[in-house]
Amino acid sequence: MQLCFAPMDGITNCATRQLTAEVFAKYKSTEDKLILRTEFMNVDGFLRNPDGVIHHLYTTASQKPIAQIYGWNEKTLIEAAVKIEREYGESFSGIELNTGCPSVTVMKCWGGSELMKNKMRTMNIIQNLSQNLTFLPFSIKARIGLNEEDKADQFDFLVQASQYCCKISVHGRTLKQGYSGDVDWEFIGNLKCVVSDRCEVIWNGWILAYDQAIDYGERYKLDGIMIWQAAIWNPRIFTPHQPTNAEKMDVILRHLELYVSSDLLSCSERGKLYPYILLDEIEEQIKIIRKNPDFSSHALVEFRKFLFAYVKGISDSREWKTRMLTASTYGEVRDEIVRFFERIV
Ligand SMILES: Cc1cc2nc3c(=O)[nH]c(=O)nc-3n(C[C@H](O)[C@H](O)[C@H](O)COP(=O)(O)O)c2cc1C
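Numbering of the sequence shown is given in numbering that gives the first Met the number 0, commencing with residue 0 and proceeding in unit increments.
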């Protein structure tokens, strides 16, 4: 089964994907394949001021994620996609257009779910984007419609779009539902039955466990399953492995080091030049940080969103979380993590 780590702005950055890929390599079932995607990147920002947004595309060579973009203007969408393919194409396994994001910021720029409103115009964009790429496969990420009434039109739209896409990932909720409410499995199952054979159909929405992903994927004969919320606190969700608390701690510490080190590299002059970072460079940076426990950076503060998700469900974590808010150096954060897990191992 193709298992996809759903793209998430501010979450699925280079370090988090690297960690997920490492955990997958260690514990995967042999029938499964992990597919990664970058956070989405605004194409107009990329063309105007690449330095400001290129961090969305950072990756290590081995990850080969799909580069996800959003925008509204056909000309700049094509220009950006062609530029990514020409300049950085070797780093990615495809280019994907987001057509389903409900964020107000994204929709204000006419991107994401706005593209569901004028379907004929969007179909032209999809066709032209796919035809302008020379070697990277083109895909879209979509929703099942604007609302209940739009579902039938959206279904026909996706069937037609499948002629131009190698993959369509569908979030099984309407724009009106946002990120909550029932997901429509039948929609995706039916879509898989009628789309072009050369287009894979990937399900997304409210998958909470590995077994559930495999079960639904097989039941609806899908090509893959995409997971977001349940993956943020559990990078093992793409594997059948049940970790010990000691393994959980090791993964959190590795994530911390990857996160802080790749942030340092991407903020450097060198980081401005390339959308890829060598894993060797990250490992070197990790060695330096380990020798400097007093090291402090904004990435340590950002990392709290992962830390608090990791300890979700573990009892007595409230006091620890409060202490974590005052831990400002790498050494303090690392020691608090170790202390927390030593207590429960
Ligand atoms: C904070 C946040 C950021 C997201 N960023 C992206 C993004 O960059 N690209 C995208 O296609 N979807 C994005 N999504 C949507 C998720 O990829 C996914 O479709 C959604 O969370 C449903 O999956 P789930 O039910 O497994 O959580 C984002 C969602 C959230 C809540």
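The beta carbon of each residue, even a glycine, is placed where N, CA and C say it ideally should be.
- Is residue 60 near residue 261, with beta carbons less than 8 Å apart? no
- Is any heavy atom of ligand 1 found at a distance shorter than 7 Å from the C-beta of residue 346? One cannot answer for residue 346 here, as it falls past the ends of the chain, which runs 0 to 344.
- Query: When burial is assigned at 16 or more other CB atoms within 10 Å of the CB, is residue 148 buried or exposed?
  - Reply: exposed
- Message: Let's see if you can read the secondary structure: which residues bound the alpha helix (DSSP H) around residue 216?
- Response: 209 to 218
- Query: On the three-state DSSP scale, how would you describe residue 58?
  - Reply: strand
- Query: Pairing CB atoms from the stretch 88 to 108 with CB atoms from the stretch 137 to 152, are three or more of them under 8 Å?
  - Reply: yes
- Message: Tell me the residue span of the beta strand (DSSP E) that contains residue 67.
- Response: 65 to 69
- Query: Whose C-beta lies closer than 7 Å to the C-beta of residue 233 among residues of the same chain, with five residues either side of it excluded?
  - Reply: none
- Message: In whole angstroms, give me the CA-to-CA distance for residue 198 and residue 78.
- Response: 24 Å
- Could you check the C-alpha separation between residue 82 and residue 88 for me, to the nearest Å? 9 Å
- Query: So, helix, strand or coil for residue 99, using DSSP?
  - Reply: coil
- Can residue 44 be considered in contact with ligand 1, in the sense that its beta carbon sits closer than 7 Å to one or more heavy atoms? no
- Beta-bridge partners of residue 278, as assigned by DSSP: For residue 278, which the question treats as bridged, DSSP gives no partner whatsoever.
- Query: Beta carbon of residue 5: closer than 7 Å to some heavy atom of ligand 1?
  - Reply: yes
- Query: Can you give the Cα-Cα distance for residue 338 and residue 28, rounded to whole angstroms?
  - Reply: 32 Å
- the stretch 180 to 195 contacting the stretch 224 to 240, beta-carbon criterion three pairs below 8 Å: no
- Message: Once DSSP output is grouped into helix, strand and coil, what is the label at residue 1?
- Response: strand
- Query: So what does residue 111 bridge to, in DSSP terms?
  - Reply: For residue 111, which the question treats as bridged, DSSP gives no partner whatsoever.
- Simplified DSSP assignment, three categories, for residue 16: helix
- C-beta atoms of residue 313 and residue 336 nearer than 8 Å: no
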